[in-house]
Each structure stands twice: as C-alpha cells, then as structure tokens.
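Colleague:
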Amino acid sequence: MDNDQITFMGTPDGTTSSDLGENYTPKEQELIRQLVQERLGRKNEIEFESLDDYVVPPKMFFSMIKKPAVSIRANRMEFSMSSIRLFEGVQHILPMLSERKQRLVVAICAEEELSSVEWARLKKDKWVNRSISCPEYVQSIYRVMNWNKECRYKVYGHLANSERGLVLVFDLSAAVMFDPLPEEYFDKRSGKMKKRINKYYPDEIRMKLGRSYSDYMAAQQTSSFESLSSYTDSTGTAVPSTVSDEAAAGISIREQEQKRAEMLGAIIASGGENNG
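Heads up, the sequence shown is in this note's numbering, so the first residue is 21 and it goes up one at a time.
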C-alpha cells in the first residue's frame, strides 16, 4: 500500500492514537511511529477524523469470554469465572436489585451480613464459581423484567464505584435470552444434522448498529458510579444509600478513578492477606 494513502487518526492537537499505547503491540506502535515521522518529515498534515457520525456497536456482538456475566434461569443464578476473578478471594457477596433501574448489583460483603450469598469457593487452591440456588429471588427478577420463565438469560456487567466501594452492575434490560431446548438444523458443510441453542437480543439492540459515539461517551460518564438508592437486598429490604442518583452523576471521572484505584488496592491487599 502507498504510504500516501494511509490515514492516521489523532486528536485536535496532533497526538496520535499510538501515544495511548493501549490497543497496539510494541511492534505495531513502532511501525506507526515510523510512518508518522515520515509523514511529518514531508511536512504533510495528519488528518483529524471526527467521530460525530460513528456508532459504537453493542459489546455482546463480540467475544465476551473475559467479561463479567451472570446466567439466570428458573431457580438459580451463576456468575461467570470472569466475575469471580475480578473479586478474587471474595467468597460472599450482597446481591441487590433495583426495579426502577432494572439492574442487578453485586457488592462485596462479609459472611456475617444478614443477606450474604456465597458465590465462590476454594477448590484445590483456586477460586471457582458456584451455582446459587435462589428460586424466590430469581422469580422476582423474572417478574420485574417480564421474562419468559422457560428461558435462560445472560447479562453482562461492568465495574462501578458505589457507597459500598467497587460493585458489579448488570443491566437486566440488555439481557440475552436463550431458548430452553436446542434446535436441530442441517449443516451444509458437514452434510449432517446438528443442534444449536438460539439466542435473542433485546429489540433496541438487535435493530441497531449501535449507539452514537456522543451517546456512548455520555453513558461512560454516568456508568462509573452507581448510586444504591432504590436497590433492595435478597430479603427485599431497602439498601442504605448515602449518594443520590443526581449526586452520583455529578461525581467527576477523576474522583471515580481515584476511588476505584483505592478500592482495588484494598481488595488486592485483602486477597494477599487471605492467601498468606
């Protein structure tokens, strides 16, 4: 490819994305640096690409193996190993449900807490997830979301700060639904009958390429701190909240990142003590 045809994305001040060093290997970064220097040496301007007309696709359209998730079915729920690894060394959690927000939040708690739930256990010196039997609690989630009781649902989550420190937030309205039984189909490549389980995305996700970049960035600003107002624990008791939704939206990203770093440090230190 002719180098004159290569476009480099950058910020208004001319900083290239390679400066961030987050998505490129060292070899790729060096190649980009050399090409940029060659361009600058010829006194050509680096093009600035506006993101106004772009959309960000839903995350579940891509491989989500390493993302935290929870699978919910008629009488139990089970958190993925990615969730367990994020809070490695944590054996008990406090699940909280917000009917108004249609979200499930998981916070770290001590075994002695009234509504504590064991979500992981040690097996041969490794933490593994466990299936949580909770028919009544799961039924309340199905009722709130008006889900099909015959189907299984999978919800992907993200880390956020809260009054209780780091929590996992699962947006139930974005759940992926799976058929209860596999469907037989003819595989043209192998010439054999095979089975597959169909999955269905919510209409607002399935019918779109994604959300606009501006909407995506706005969501990023508000999704890093989760106010626990309107949440109830597994017994139906309201969770104490000291930060309203409005106040949570006003907390700066820098403050959230600082608090997240402090919480992560505390978790790592606690895990080290437990493992020792």
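In this text, a Cβ means the ideal position worked out from N, Cα and C, and glycines have one as well.
(1) Tell me the start and end of each unbroken beta strand (DSSP E) in the stretch 174–230 that is at least 3 residues and wholly inside, in chain order.
(2) Taking all protein chains shown into account, decide if residue 217 is buried (16 or more other Cβ within 10 angstroms of its Cβ) or exposed.
(3) Mapping DSSP to helix, strand and coil, what is residue 85?
(4) Would you grab the beta carbon distance between residue 106 and residue 135 for me? Rounded to a whole angstrom, and I think it's under 8 Å.
(5) According to DSSP, simplified to helix, strand and coil, what is residue 59?
(6) Hey, how far is the Cα of residue 89 from the Cα of residue 98?
(7) Assuming residue 91 and residue 174 are in contact, meaning their beta carbons sit under 8 Å apart, how far apart are those beta carbons, in whole angstroms?
(8) Keeping to the same chain, check which residues put their C-beta closer than 7 Å to that of residue 123; ignore five residues upstream and five downstream.
(9) What span of residues does the alpha helix (DSSP H) with residue 155 cover, start to end?
(10) Check whether the Cβ atoms of residue 233 and residue 125 lie closer than 8 Å to each other.
(11) Starting from residue 106, follow the alpha helix (DSSP H) in both directions and report where the run begins and ends.
(12) Return helix, strand or coil for residue 138, following the three-state DSSP convention.
(13) Given 8 Å as the limit, is there contact between the stretch 141–150 and the stretch 195–211, that is, 3 or more CB pairs closer than that?
(14) In this structure, does DSSP put residue 146 in helix, strand or coil?
(15) Where do the ends of the beta strand (DSSP E) carrying residue 118 lie?
(16) Report the partner residues of residue 130 according to the DSSP bridge assignment.
(17) Buried or exposed: residue 38, going by 16 or more other Cβ atoms within 10 Å of its Cβ?
(18) Have a look at residue 41 and residue 53 and give me their C-alpha separation to the nearest angstrom.
(19) Look at residue 93 and residue 163 and say whether their C-beta atoms are less than 8 Å apart.
(20) Within 10 angstroms of the Cβ of residue 116, are there 16 or more other Cβ atoms? Answer buried if so, exposed if not.
(21) Which of the three DSSP states, helix, strand or coil, is assigned to residue 121?
(22) Express the C-alpha separation of residue 137 and residue 157 in angstroms, rounding to a whole number.
(23) Please confirm whether residue 118 and residue 254 have their CB atoms less than 8 Å apart.
(24) If you draw a straight line from the C-alpha of residue 205 to the C-alpha of residue 221, how long is it?
(25) Please say whether residue 197 and residue 219 have beta carbons closer to each other than 8 Å?
(26) Can you have a look at residue 74 and say buried or exposed, based on whether 16 or more other CB atoms are within 10 angstroms of its CB?
Modeller: Reading from the atomic positions:
(1) Counting whole runs of 3 or more residues, the stretch 174–230 contains the beta strand (DSSP E) stretches 187–191, 196–198, 203–207 and 212–216.
(2) With fewer than 16 other Cβ atoms within 10 Å, it is exposed.
(3) Correct three-state label for residue 85: coil.
(4) Between the beta-carbon of residue 106 and that of residue 135 there is about 21 Å, and that puts the pair past the 8 Å contact cut.
(5) Reduced to three states, the DSSP call for residue 59 is helix.
(6) Distance between the alpha carbons of residue 89 and residue 98: 9 Å.
(7) With a contact defined as Cβ atoms closer than 8 Å, residue 91 and residue 174 qualify at about 5 Å.
(8) Excluding five sequence positions before and after residue 123, the CB atoms of its chain that fall closer than 7 Å to its own CB belong to 189, 190, 191 and 192, given in chain order.
(9) Start and end: 155–165.
(10) Not a contact, by the Cβ cut-off of 8 Å.
(11) First-last of the alpha helix (DSSP H) with residue 106: 101–106.
(12) Residue state for residue 138 is assigned as strand, using DSSP reduced to three classes.
(13) Verdict: no, contact absent.
(14) The answer is strand: DSSP assigns residue 146 an E or B state.
(15) Note, residue 118: beta strand (DSSP E), 112–118.
(16) Answer by DSSP bridge pairing: none, since residue 130 is not bridged.
(17) Since pLDDT at residue 38 reaches only 41, below the 50 mark, its modelled position is unreliable, and no value is offered.
(18) Any answer about residue 41 is weak, because its pLDDT of 48 lies below 50 and its placement is not dependable; what the coordinates show is given next. Each residue's Cα considered, the two are about 11 Å apart.
(19) Not a contact, by the Cβ cut-off of 8 Å.
(20) Counting the other Cβ atoms within 10 Å of the Cβ of residue 116 gives 16 or more, which makes it buried.
(21) Here residue 121 sits in coil by DSSP.
(22) In a straight line, the C-alpha of residue 157 is about 12 Å away from that of residue 137.
(23) Cβ distance not < 8 Å, so residue 118 and residue 254 don't count as in contact.
(24) Approximately 21 Å between the Cα atoms of the pair.
(25) Judged by their CB atoms, residue 219 and residue 197 are nearer to each other than the 8 Å cut-off.
(26) With fewer than 16 neighbouring CB atoms inside 10 Å of its own CB, residue 74 falls in the exposed class.
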